[in-house]
Each structure stands twice: as C-alpha cells, then as structure tokens.
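Notes to accompany the following structure.
There are 2 protein chains.
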Amino acid sequence: MRTTIVGLGLIGGSMAIDLRIKGIANHLIGVDDNNAHAQQAVDLGIVDEVCTLNEAVKNTDLIILAIPVSAMSKMIAQLLDKIESHITIIDTGSTKASICKTVQGHKNRQQFVAAHPIAGTENSGPSAAFSGLFRNKTMIICERQLSSSHALEVANTIFKALESKTIFMEPVDHDKHVAYVSHLSHVSSFLLGQTVMDIEKDEKNIFDLAGSGFASTVRLAKSSPDMWAPIFEQNTEYLSQALLEYIMHLQKFHYYLVKKDSKAIHRIMTEANEIRRVLSGIELKDEKNKVVETLIEE
Amino acid sequence: MRTTIVGLGLIGGSMAIDLRIKGIANHLIGVDDNNAHAQQAVDLGIVDEVCTLNEAVKNTDLIILAIPVSAMSKMIAQLLDKIESHITIIDTGSTKASICKTVQGHKNRQQFVAAHPIAGTENSGPSAAFSGLFRNKTMIICERQLSSSHALEVANTIFKALESKTIFMEPVDHDKHVAYVSHLSHVSSFLLGQTVMDIEKDEKNIFDLAGSGFASTVRLAKSSPDMWAPIFEQNTEYLSQALLEYIMHLQKFHYYLVKKDSKAIHRIMTEANEIRRVLSGIELKDEKNKVVETLIEE
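One line per chain: the protein sequences are A and B, in this order.
Letter by letter, the first sequence follows residues 1 to 298 in the numbering used here.
Letter by letter, the second sequence follows residues 299 to 596 in the numbering used here.
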C-alpha cells in the first residue's frame, strides 16, 4: 500500500517504521513542514521520500495524519475535498469531538477514520520514533458508522499490523474520558515540575534530593508544548472539569493536613491505593493482551 | 558486625540484604511488631533470627531503624537511655527536624546518626526488599557534628557498602527540600489516583484508556498509607507550603485554560520542559555516579 505520513514525529514516525516492517506500506511518502524533521526522517530510513502534501496525494492509497490537533480538522476537510475515492485518511489526534464535528456532513466523510492511539512517550520528533510503540496499546475509533467498509478495512489492516487493540467510542465520551486519564496527568506533571523548579532555584538540590518517585511523577513535564497546547485548547471543557475536581481533592487534603487529621489523610491514601488494581490491569495489558479486534461488525 | 534491623520492610529489608552480601553484617537480627513480616523476613533469608528489641540490644553492635517516623523519635530516645556505649543507632526516617529535636541534648546523642536515604519504591513489606536499592542514591545525614567519630565511621562503612552518596544538611533545610521534591510528588499522585477513580466509576474505562503516561504519574499512589501519613504529619508546615504553591500553579493554569489563552499555556509548558535537564542529571546520577563521600572531615 502506498502510504503517506503527514507529521514525521513520534507518532507518525513510529507508525511508518512498523508499517514497513510488517510489509503493509511498500512505499512511504513523508510530509512535514519542518524541513529538518523531514530530512531526518529520510536519513533515518523512516520514509522513502519527502514531498509536499499536494504531490503526495497524487500517488498514495492511504494518508495518516500525525500533526498537532489544531491543524487537523482543516487539513482533513481540505483533503476530503480533493482526494480520489480509493484513498483513506486516518488521523491520530488526541481530541476527537472538534475534528469529527468539522468533517461531519462532508460528502466524502466515509473516506475518513477518526482514530486515537493511546500511546506515546514524553519525547518528540523523528528521532523519538521506534518500532513497537503501539503494540498492545488501545486504539480508539470514533464514529465508526460514518466510515466506509473500505476505509475501516484499511484501518483494521493498519492497526492489526501495529498490534493495537481497537475499541469504539463516541467523540464526546472520548474527550471526557481522556481528559481524566491522559490530559489531567500531563497538566499535573507540568505544574509539579514548575512548582518544584520555582522553589528549588538551586538546581543542585533537586538533583541531589529527588529520587525515582519524583522522576516518574514529573516525567510527562518533558512533553512537547507544541503538541499539548492545542490538545488542551480543544478539550477545555472536560479538562477544566477534571482540573477543578483534582484541585478540589488537593484542597481537601490540604485542609486535613493543616487540621492534623491523620486519620482522614490515611483514609484518602488507602482509597487511592485502589489504583494498584487498575494499574495491574494496565501492566497486564501491556505485557499480555495481544488480541486485535476487527473493526467491522460481523 | 552484629547488626539489628528494626522494621523489616522495603528499606530495612533491602539494607539487610546488601549488608550481608558485602560482608558487613555477619549476624543479622530482625525486629518487627508485625509477626507475619518477621517470619517472612526469616523465610526469605533477610535476617538470621527475629526477637524482641530488648533481646536484640544485648547482642548487637549496630541498630538500624526503618520504622514509620511516628514511632522513630520515642524509640531512639528509649534506646539511647539503655544501650551500651559501643552501639551505634542509625535511623532512615523521611523527616528529620522532629526526630533530631527530640534527641538533642540526650547524654548519649553522639551514638546516633540521623540519616535519610533518598530511595524507595511504591511497594512495601519484606517481599518488596531487594539488593541494590541504595546504589548511587543520595543518603542525607543531619547534624553530623552531634554524632561521634565512631558512630560516623560505622555509618560511613554502611553507606559505602550500600554504594550510596552521602550529603549533609540541617534538619529544617532537609524537611523543606524533601517536601518539594518527594512529599509533594506523593500527594500529587495520591490525589490524581483518587480524582480519576472518582470520575471513572467504570474501571474498564481507566483500564482501556490509560496509557503509560498515566501509569507513571500515578505510580506513587500505590505507596503505603502507614508509612506516609506520619511523614505528612511530621512535615505539615513545609508540605502545606509546597501544596499551596502547587494548587496556586494549577489554578493559574486553569484560569488560562478557560480564558483560552493558549500562549500562556504554551509558555508554562515550555518553562516546565526545563525539568528535562534536571531529570537527565538524576538519570545520570542513577547510572554513573558511584562516588561515595567520606562522612568524616579530613
């Protein structure tokens, strides 16, 4: 399959690597408005060639979009306006309601599959891409009923090759849930990093005193602002709810702390310990769950 | 050296394992008021025998305390009242001001070394103990000037064997800095876990939608409430400051979010990205820094 990857960063690059390894993409075209990234993707062998999007669409069967969500809706609509009917577009945006709303009603909507891989690291750019990023990870498809059988078949082939597990959600449900289990973690890490750097002006103290617990909690603070600012902007409503709820819990904890109510503090932690069971599930999923569901209802 | 470990959990157990491997402890006595843990420590070969603290002190050269900080001060004072003059006591408490204050002025204060290893995991109990926990980690000593040369020599031997790097701090400075780089991370994780579980009543959604980023940020929420409630209680003042500052940063972020000020959001994240440099230092320290400083001034 002639495959075009738009956005040659961690997500796009990692998809390209595994689609080539699995023999799904026999010719890989890269598109990136960052010339240095485009060249790096060629040098690393991630894509066979780079060109403009206009050139790419003339010679492709599949377009995968892995660009910041702020640019996604417009690009999908423009592509749907002009692409041939055999071409499928799959996006990888971390928000789905706004994107799905923009293209809803487009005469070629059925050529588009709205997808979101629950996969990533705190690193970005072509050099961060690696084989196996999507293995055993969840791939969310929204508005499946609006994609054609052909487009879903293509997506199914891709996600099977990436060894992802596919689930289906409505765009609004998607955005609400990821606000809590993904976007809030990022905000929490970014601000923890800022708080600690703010007080610990002398970096040596952070370096000497911080252990692996701090490093783990603040890891996501390394993430790309170019990628995350648009995500937060598109998911303001649900992220705001999640953030207010988090702040409310922190304030309640602070109240018990200054009140020296150790029993309440202990109870809150004991309840939070329940996350161990959920995380065991996630770890188990990462290690063992290699089931890939079909995208098309039997 | 005949060594007594009081508290056979992650910290005490891991010390016992490496002190035996390195040939420092030729006889290991365990003390734990949890009988199941005591038996488990014998079964796992972590200690040679278990007995009461009163029995242990008759037959030991060194007592290492790895119990919750709520019990630490009283136990150190009681031990200093009765132990022979050749015995050294080292504690491993995560707060230092309260402990140091309690024993300050005790006629045998010089037999005690106030220490805090910046090491740990989210797991607890003897089965969580492992060799290498303290390798390349920072060991903080407080009020070095109040310990005798002999006690510091013993501590130096122990920490060298554990391959830790020792630094010195005043108790109040210690408590303030760890509030920011350790205790706040724990609070942040506990409450993130609680917030997400609160909203995602349907656990399957967390399981399917949460990625490695969430798992990393919330990892510390698995930590033991029995260990952490007393730490928070003893460090209320500085933890409260850290928490208020964190909440203030979160609220400011929330304000920019609902105001749709993406530039401000982007700027905050870019500043937080600076943590990458600090974390590289921490990772470098974990991997390469094997220097062990001497505890005694030349």
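Virtual Cβ for every residue (Gly too), placed ideally from N, Cα, C.
query: Do the region 372–383 of chain B and the region 456–470 of chain B touch if we need at least three Cβ pairs shorter than 8 Å?
result: Output reads no: the region 456–470 of chain B does not touch the region 372–383 of chain B.
query: Would Q338 (chain B) count as contacting chain A if we go by Cβ distances under 9 Å?
result: Position 40 of the second sequence, counted from the first residue, corresponds to residue 338 (chain B). Q338 (chain B) does not count as touching chain A.
message: Suppose the cutoff is 7 Å on Cβ atoms and the five residues either side in sequence are ignored; what does the same chain contact list for E203 (chain A) look like?
response: The residue you call residue 203 (chain A) lines up with position 203 of the first sequence. If we look at E203 (chain A) and ignore the five residues flanking it on each side, it has no Cβ neighbours.
- prompt: Could one say the Cβ of R574 (chain B) lies closer than 9 Å to chain A's Cβ atoms, at least one of them?
  reply: To locate residue 574 (chain B), count along the second sequence from 1; it is residue 276. The beta-carbon of R574 (chain B) is placed less than 9 Å from the nearest beta-carbon of chain A.
message: The beta strand (DSSP E) that contains A66 (chain A), what's its start and end?
response: Position 66 of the first sequence holds residue 66 (chain A). It is not in any beta strand (DSSP E) - A66 (chain A) carries neither H nor E in the DSSP assignment.
field: Exposure label - N503 (chain B); buried when at least 16 CB within 10 Å
entry: Sequence index remark: in the second sequence, residue 503 (chain B) carries index 205 (1-based). N503 (chain B) is buried by the Cβ-count criterion.
query: For Q338 (chain B), which option in B:A412, B:G307, B:N571, B:K435 has the closest C-alpha, if you only look at C-alpha atoms?
result: As a working note, residue 338 (chain B) is residue 40 in the second sequence. Looking at B:A412, B:G307, B:N571, B:K435, the one whose alpha-carbon comes closest to that of Q338 (chain B) is B:G307.
message: Between the alpha carbons of R407 (chain B) and S131 (chain A), how many angstroms are there, rounded?
response: Residue numbering aside, residue 407 (chain B) sits at position 109 when the second sequence is read from its first letter. Residue numbering aside, residue 131 (chain A) sits at position 131 when the first sequence is read from its first letter. Going by the C-alpha atoms only, they are around 58 Å apart.
query: Cβ of T2 (chain A) within 9 Å of Cβ of L65 (chain A)?
result: In the first sequence, the residue the question calls residue 2 (chain A) occupies position 2. In the first sequence, the residue the question calls residue 65 (chain A) occupies position 65. It should be pointed out that residue 2 (chain A) corresponds to Arg in this sequence rather than to Thr. Their beta carbons are not under 9 Å apart, which means R2 (chain A) does not touch L65 (chain A) by this criterion.
Cβ separation of D473 (chain B) and A540 (chain B), assumed to be a contact under 8 Å, to the nearest whole Å: As a first step, residue 473 (chain B) must be located in the second sequence, where it is residue number 175. As a first step, residue 540 (chain B) must be located in the second sequence, where it is residue number 242. Actually they do not touch by this definition, with Cβ atoms about 11 Å apart.
task: Counting only the same chain and skipping the five closest in sequence on each side, list residues whose C-beta sits under 7 Å from that of V178 (chain A).
output: Locating residue 178 (chain A) in the first sequence gives position 178, counting from the first residue. S94, listed in sequence order.
- prompt: Alpha carbon to alpha carbon, how far is V470 (chain B) from E535 (chain B)?
  reply: Residue mapping note: residue 470 (chain B) aligns to position 172 of the second sequence, counting from 1. Residue mapping note: residue 535 (chain B) aligns to position 237 of the second sequence, counting from 1. Near 11 Å, if we compare the C-alpha coordinates of E535 (chain B) and V470 (chain B).
- request: Note down, in chain order, every chain A residue with its Cβ under 7 Å from the Cβ of E501 (chain B).
  value: Residue mapping note: residue 501 (chain B) aligns to position 203 of the second sequence, counting from 1. Neighbours of E501 (chain B) in chain A, taken as residues at a C-beta separation under 7 Å, are given in chain order as V278.
Chain B contacts made by the region 232–258 of chain A, where a contact means CB separation under 8 Å: Of all residues in the region 232–258 of chain A, F232, E233, T236, L239, S240, A242, L243, L244, E245, Y246, I247, H249, L250, Q251, F253, H254, L257, V258 have a Cβ within less than 8 Å of some Cβ in chain B.
- prompt: Residue ranges of each alpha helix (DSSP H) run of no fewer than 4 residues wholly in the region 184–240 of chain A, ordered along the chain?
  reply: If you keep only unbroken alpha helix (DSSP H) runs of at least 4 residues inside the region 184–240 of chain A, you get 184–199, 203–209, 212–217, 225–234.
task: Taking 9 Å as the cut-off, decide whether the C-beta atoms of S188 (chain A) and L490 (chain B) are in contact.
output: Along the first sequence, read from residue 1 onward, the residue named residue 188 (chain A) stands at position 188. Along the second sequence, read from residue 1 onward, the residue named residue 490 (chain B) stands at position 192. Cβ atoms of S188 (chain A) and L490 (chain B): closer than 9 Å.
- request: Ignoring anything shorter than 3 residues or poking outside the region 115–147 of chain A, list the beta strand (DSSP E) runs there in chain order.
  value: You should have 138–142.
message: Contact criterion: CB-CB distance below 9 Å. Does T393 (chain B) meet it with respect to chain A?
response: Your numbering for residue 393 (chain B) matches position 95 in the second sequence. No, no contact with chain A.
task: With DSSP as the reference, label M169 (chain A) as helix, strand or coil.
output: For the purposes of this step, residue 169 (chain A) is taken as residue 169 along the first sequence, with counting starting at 1. M169 (chain A) falls in the strand class under three-state DSSP.
- prompt: To the nearest whole angstrom, what separates the beta carbons of V113 (chain A) and T88 (chain A), a pair I think is in contact under 8 Å?
  reply: Residue mapping note: residue 113 (chain A) aligns to position 113 of the first sequence, counting from 1. Residue mapping note: residue 88 (chain A) aligns to position 88 of the first sequence, counting from 1. So it is a contact: roughly 7 Å between Cβ atoms.
message: Check this for me: beta carbons of I327 (chain B) and I388 (chain B), under 9 Å apart or not?
response: As a first step, residue 327 (chain B) is located in the second sequence; it is residue number 29 there, counting from the start. As a first step, residue 388 (chain B) is located in the second sequence; it is residue number 90 there, counting from the start. Contact: no.
message: My assumption, with CB atoms under 8 Å, is that T195 (chain A) sits in contact with L555 (chain B). Please give the rounded CB distance.
response: Counting from one through the first sequence, the residue named residue 195 (chain A) turns up at place 195. Counting from one through the second sequence, the residue named residue 555 (chain B) turns up at place 257. Not a contact, Cβ separation roughly 17 Å.
message: Using the three-state DSSP reduction, which class does K8 (chain A) fall into: helix, strand or coil?
response: On the first sequence, residue 8 (chain A) is found 8 positions in, with the first residue counted as 1. Looking at the sequence shown, residue 8 (chain A) is not Lys but Leu. Secondary structure of L8 (chain A) (DSSP, three-state): coil.
- request: Would you kindly check if the distance between the Cβ of H186 (chain A) and the Cβ of S223 (chain A) is under 9 Å?
  value: Along the first sequence, read from residue 1 onward, the residue named residue 223 (chain A) stands at position 223. Along the first sequence, read from residue 1 onward, the residue named residue 186 (chain A) stands at position 186. By the CB criterion at 9 Å, S223 (chain A) and H186 (chain A) fall inside the cutoff.
query: For E347 (chain B), which residues does DSSP report across the bridge?
result: To locate residue 347 (chain B), count along the second sequence from 1; it is residue 49. Beta-bridge partners assigned by DSSP to E347 (chain B): B:I327.
field: Euclidean distance between Cα positions of P68 (chain A) and H37 (chain A)
entry: Stepping through the first sequence from its first residue, residue 68 (chain A) is reached at position 68. Stepping through the first sequence from its first residue, residue 37 (chain A) is reached at position 37. Looking at the two C-alpha atoms, the distance is approximately 15 Å.
- request: Ignore the nearest five residues each way along the sequence and tell me which others in F253 (chain A)'s own chain have a CB closer than 8 Å to its CB.
  value: Taking the first sequence and counting its residues from 1, the one referred to as residue 253 (chain A) is at position 253. Only I265, I268 meet the Cβ criterion.
Cβ-Cβ separation, F214 (chain A) to V479 (chain B) (assumed contact under 8 Å), whole Å: Translated into positions along the second sequence, residue 479 (chain B) becomes position 181. Translated into positions along the first sequence, residue 214 (chain A) becomes position 214. About 5 Å separates the CB atoms of V479 (chain B) and F214 (chain A); that is less than 8 Å, so the two are in contact.
- prompt: Leaving out five residues before and five after G12 (chain A) in sequence, what residues of the same chain have Cβ atoms less than 6 Å from its Cβ?
  reply: Your numbering for residue 12 (chain A) matches position 12 in the first sequence. Within the same chain, G12 (chain A) has close Cβ partners I5, A66.
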